[in-house]
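Numbering (my numbering), first residue to last: 44 to 401. One structure is given below, encoded as structure tokens.
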């Protein structure tokens, strides 16, 4: 195994990496009971073609956004949504491809095969977002039913970039459509309801080729890339962890939403609302013809220098209040004091692509 350093993708790289990224997603598509229930009946070739089409549409849309690496140099500042896509290649898997040139950052010339990817999104300060116009390049499908693939925003007031044409990618007919849509929408709604309005980074996805490249430290290298940015901006990193990913994120400093081991005692946590917050998103698979409970966990990684010597967070004080039928965020920090986001989220759901796997 001869791994590259993390490589930043640009729009020119999209077509070259689509097959490899789709292969990574396919390698873990049905490795959980929920994934098996959702996609287990889809023939392998059809599933791979579907994932390739989805990945192509996603990259051709998301790679037009301002990049996180440009936060301090592109003149747009901290007031526009941003994304960053990273990959790692294994050069030993295909030594016949062209070797790196002077512009070694170009993925198409890097050789090898992409064996891991990561997607990060930057959510700007609520109320200070600026629209960023981008030019369309994705042709629309000839099918009648249009389905747009847009970048979701935890800060629901943020307008997406304009002039983004999108292609229709329909779900394979043999997939469990109702469960597919229910679970994706449930996860996205929980993220918006719990974290909406926060100035933060979000881990949109990390994938490693299974099983050959799992537990090799590859995902850790990708995840670690976002931490210096989060610490520099003094903002948290958020995600919804899968069952397999949960211990991985714990090792990297993430905690469950609602954990109050930041120097708070029980009385303080009760007053703030952090005690008793449920960070779980659950799917009772029995309701969909399966067996068991599938659970995702909402997690947060606080910026390192935000914590004092006693473990408290004097510069960032956020707390979650969870009530039956009404999840909202009450947040305050040195940057902003957002209004209650419950109303802003209602009627403005986050647009999601059909790319989320288990």
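Beta carbons are placed, not taken as given, at the ideal position from N, Cα and C, and that holds for glycine.
Open item on the list: When you compare the CB positions of residue 245 and residue 166, do they come within less than 8 Å of one another, or not?
Closed with: Closer than 8 Å, so yes.
TODO: Specify the secondary structure class of residue 245 as computed by DSSP and reduced to three states.
DONE: Three-state DSSP puts residue 245 in a strand.
Task: Sequence ranges, alpha helix (DSSP H) only - wholly within the region 47–95, length at least 4 - done: Listed in chain order, the complete alpha helix (DSSP H) runs (minimum 4 residues) inside the region 47–95 are 57–70, 76–82.
Open item on the list: Looking only at its chain, what residues have a beta carbon closer than 7 Å to the beta carbon of residue 220, apart from the 5 residues adjacent to it on each side?
Closed with: Closer than 7 Å at Cβ, skipping near neighbours: 214.
Open item on the list: Please list the terminal residues of the continuous alpha helix (DSSP H) segment that includes residue 225.
Closed with: Where residue 225 is concerned, the enclosing alpha helix (DSSP H) starts and stops at 220–238.
- [ ] Look up residue 135 in the DSSP assignment and say whether it is helix, strand or coil.
- [x] DSSP places residue 135 in the helix class (H, G or I) of the three-state scheme.
Open item on the list: Please report the straight-line C-alpha distance between residue 226 and residue 232, rounded to a whole angstrom.
Closed with: Rounded to whole angstroms, the gap between the alpha carbons of residue 226 and residue 232 is 10 Å.
Task: Cα-Cα separation, residue 163 to residue 110 - done: Annotation: residue 163 to residue 110 spans about 10 Å, alpha carbon to alpha carbon.
Task: Contact check, residue 243 vs residue 77, beta carbons under 8 Å - done: Between residue 243 and residue 77, the gap from beta carbon to beta carbon reaches 8 Å or more.
Task: Rounded separation between residue 135 and residue 71 - CA only - done: One C-alpha to the other measures close to 22 Å.
Open item on the list: Could you compute how far the alpha carbon of residue 87 sits from the alpha carbon of residue 347?
Closed with: Computed Cα separation, rounded: 43 Å.
Open item on the list: Three or more C-beta pairs under 8 Å: does that hold for the region 92–99 against the region 107–123?
Closed with: By the criterion of at least three beta-carbon pairs nearer than 8 Å, the region 92–99 is not in contact with the region 107–123.
Task: Bridge partners - residue 281, DSSP secondary structure assignment - done: Its beta-bridge partners are 245, 343.
Task: residue 236 classed as buried or exposed, judged by whether at least 16 other C-beta atoms fall within 10 angstroms - done: Looking at its Cβ environment, which holds 16 or more other Cβ atoms inside 10 Å, residue 236 is buried.
TODO: Determine which residues share a DSSP beta bridge with residue 326 and list them.
DONE: The beta-bridge partner set that DSSP reports for residue 326 consists of 337.
Open item on the list: Looking at the secondary structure, which residues open and close the alpha helix (DSSP H) in which residue 291 lies?
Closed with: Where residue 291 is concerned, the enclosing alpha helix (DSSP H) starts and stops at 289–294.
Task: C-alpha distance - residue 79 paired with residue 73, whole-angstrom precision - done: If you take the alpha carbons of residue 79 and residue 73, they lie about 4 Å apart.
- [ ] Please classify residue 128: is it buried, with 16 or more other beta-carbons within 10 angstroms of its beta-carbon, or exposed?
- [x] Residue 128 comes out buried.
Task: Residue from 81, 106, 83 with nearest C-alpha to residue 54 - done: Among 81, 106, 83, the Cα nearest to that of residue 54 belongs to 106.
- [ ] Taking the CB atoms as reference points, tell me whether residue 249 and residue 262 lie closer together than 8 Å.
- [x] Cβ distance < 8 Å, so residue 249 and residue 262 count as in contact.
Task: Buried versus exposed, by CB contacts within 10 Å (16 or more), residue 312 - done: Its pLDDT being 39, under 50, residue 312 is placed unreliably in this model, and the value from its coordinates should be taken loosely. Label assigned to residue 312: buried.
Task: CA-to-CA distance, residue 252 to residue 29, given in whole angstroms - done: There is simply no residue 29 to check, as the chain begins at 44 and stops at 401 in what is shown.
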